[in-house]
Amino acid sequence: MLMKTVLLVLLQIWVRWTFPRVRIDQLTSISWKYLIPMSLLLIFLIGITKLLV
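What follows is the structure, encoded as structure tokens:
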């Protein structure tokens, strides 16, 4: 249990040091430009698939 906890803590520290932090304006920009259109397209494709199958 202790080894698992230490491993998870080290993994979190490594990820935080390796990747830069994303600011909230960058996150909302990514969301509006990419994530929302992709999710709407996915909903549309799933609807089409359900109608045809």
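Take 7 as the starting number for the sequence shown in this note's numbering and just add one per residue.
C-beta atoms are modelled at their ideal positions from N, C-alpha and C, and glycine is treated no differently.
Since we're looking at a predicted model, the values are computed, not measured.
Query	Result
Taking just the CA atoms, how far does V28 sit from M9?	30 Å
Assign F25 to one of three DSSP states: helix, strand, or coil.	coil
Using DSSP with H/G/I as helix, E/B as strand and the rest coil, what is V15?	helix
What did DSSP end up calling M9 once you bin it into helix, strand or coil?	helix
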